[in-house]
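Reviewing the structure listed below.
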Amino acid sequence: MTELRPRRSVLYMPGANERALEKAKGLPADALILDLEDAVAPDAKEAARERVCAAASSGDYGRREVTIRVNGLDTAWHDADLRAAAQAGPAAVVVPKVNSAAEVHNIERALELGGAPDHTKIWAMVETPVAMLHAEEIAAASERLTVLVMGTNDLAKELHAEFVPGRAPLLGGLSLALLAARATGKVILDGVYNDVKDLEGFEAECLQGRQFGFDGKTLIHPGQVEVCNRVFAPSAEEIERSEKIIAAFEAAQAEGRGVVTVDGRMIENLHVDNARRVLALADAIGKAGD
């Protein structure tokens, strides 16, 4: 299993925008994706690469996990992006449209040849039908790959699907990717919500993502961070109930009792495991200072 750390809110920041990179230093996001792909025009790619790599290696972002999204494997900028990112040594390199284990191996090899430190991981974006159908082999391809990132906009485009509340057209793909992440012990992040003014709809999608089992959500606007952090964090009620479950289970074990109940409900090992996970996440959030 990868280490438990909060990745509730993971915010894309445009790599060509120096003001945005500066603003990100004060945002309460758990992680940042400094973007060299969609947010950067072709004629600004090289300047953005230098700016982003300098930011990622600056140490100016405090507790935030700082990653770099490189351009896709089929672009003219991909190889230079990977070489520069390897030297910068961010927490991770985020790679768009990863479709196979072989591509993961190539990314890993390029990072190693570029001198990337061991702490620089791979976050693979899965955003095509091919990726959904091969999600397990992608997730299992490398120990260096620690996170799957849903690319729901591209997935919807590839499926010819409509954007509707509840995301029914995408649920098959989301489920396949979640199964792959859990089967291989990797973190998985939900895709973005496009309407930055619709906080009610955004919160509903955060709740859906959490109920599905996502570890957090990728974001496109700083105004989405607060809601996302709240939804993906254990509530006070969840923490209290988890503490009760663990205390009751441990008391029953000490007394040699095989049957444990909390508030009239039977407690089994799976409930205890879930309770411990909730408390570990709450503790990790507390240590992160939020």
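Take 2 as the starting number for the sequence shown in the working numbering and just add one per residue.
Using N, Cα and C, we set each Cβ at its ideal position, and we do this for glycine too.
Only a predicted model underlies this, so the values are computations on that prediction, with no experimental measurement involved.
Applying the criterion that 16 or more other CB atoms from any shown protein chain within 10 Å of the CB defines a buried residue, is residue i buried or exposed?
| i | result |
| --- | --- |
| SER59 | exposed |
| ILE103 | A quick correction: the sequence has Ala, not Ile, at residue 103. So ALA103 counts as exposed. |
| VAL165 | exposed |
| ASP82 | buried |
| ARG231 | exposed |
| ASN195 | exposed |
| MET2 | Confidence at MET2 is low in this model, with a pLDDT of 40, below 50, so its placement is unreliable and no value can be given for it. |
| ALA281 | exposed |
| THR68 | buried |
Return the residue from the list the options that minimises the CA-CA distance to residue i.
| i | options | result |
| --- | --- | --- |
| ALA181 | ALA169, MET151, PHE164, LYS24 | MET151 |
| ALA48 | ALA85, GLN225, ALA178 | ALA85 |
| SER236 | LEU220, ARG266, ILE286, VAL197 | ILE286 |
| GLN225 | THR76, GLY192, HIS120, ASP36 | GLY192 |
| HIS222 | GLU204, ARG9, TYR13 | TYR13 |
| VAL279 | LYS288, GLU239, ASP80, ALA252 | GLU239 |
| ASP36 | ARG70, ILE139, ARG20, GLU206 | ARG70 |
| ARG145 | VAL94, ILE189, VAL67, ALA45 | VAL94 |
| VAL273 | ALA92, ILE246, VAL261 | ILE246 |
| ALA87 | ALA281, GLN212, GLY217, CYS54 | CYS54 |
| LYS158 | ASP216, GLY63, GLU128 | GLU128 |
| ALA248 | LEU5, GLY265, ALA276 | ALA276 |
| GLU227 | PHE213, PHE215, GLU204 | GLU204 |
| TRP124 | ALA281, GLU113, GLU137, VAL96 | VAL96 |
| ASN72 | ILE139, ALA45, GLY63 | ALA45 |
| LEU190 | GLU201, PHE250, LEU200, ALA178 | ALA178 |
| ASN100 | HIS120, GLY116, MET126, ALA89 | MET126 |
| ALA241 | ALA253, ASP264, LEU5, GLU201 | One detail in the question is off: residue 241 reads as Glu in this sequence, not Ala. GLU241 has its Cα closest to that of ASP264, out of ALA253, ASP264, LEU5, GLU201. |
| GLY63 | THR76, HIS79, LYS26 | LYS26 |
Once DSSP output is grouped into helix, strand and coil, what is the label at residue i?
| i | result |
| --- | --- |
| MET2 | Low confidence applies here, because MET2 scores a pLDDT of 40, under 50, leaving its location unreliable; read the following figure in that light. It is coil, neither helix nor strand. |
| SER243 | helix |
| LEU208 | helix |
| ASP196 | coil |
| LEU271 | helix |
| ARG110 | helix |
| LEU74 | coil |
| LEU175 | helix |
| ARG258 | coil |
| VAL292 | One cannot answer for residue 292 here, as it falls past the ends of the chain, which runs 2 to 291. |
| VAL165 | coil |
| VAL1 | As displayed, the chain neither begins before 2 nor continues past 291, which places residue 1 out of reach and without an answer. |
| VAL41 | coil |
| ASP155 | helix |
Would you check if the distance between the CB atom of residue i and the CB atom of residue j is smaller than 9 Å?
| i | j | result |
| --- | --- | --- |
| PRO7 | ALA169 | no |
| ALA17 | ALA56 | no |
| PRO118 | LEU156 | no |
| ALA289 | ASP31 | yes |
| PRO11 | LEU33 | It should be pointed out that residue 11 corresponds to Val in this sequence rather than to Pro. Their beta carbons are under 9 Å apart, which means VAL11 touches LEU33 by this criterion. |
| LEU175 | THR147 | no |
| GLU66 | ALA92 | yes |
| GLY210 | LYS198 | no |
| ARG50 | GLU19 | no |
| THR121 | LEU114 | no |
Taking the DSSP output, what are the residues bridged to residue i?
| i | result |
| --- | --- |
| VAL188 | VAL148 |
| LEU220 | LEU12 |
| VAL96 | ALA125 |
| ARG277 | None; ARG277 has no bridge partner. |
| GLU66 | ALA32 |
| ARG266 | VAL263 |
I'd like to confirm something about residue i: is its beta-carbon nearer than 8 Å to some heavy atom of the ligand PLP, or not?
| i | result |
| --- | --- |
| GLY265 | Absent from the structure shown: the ligand PLP. Ligands present: none. |
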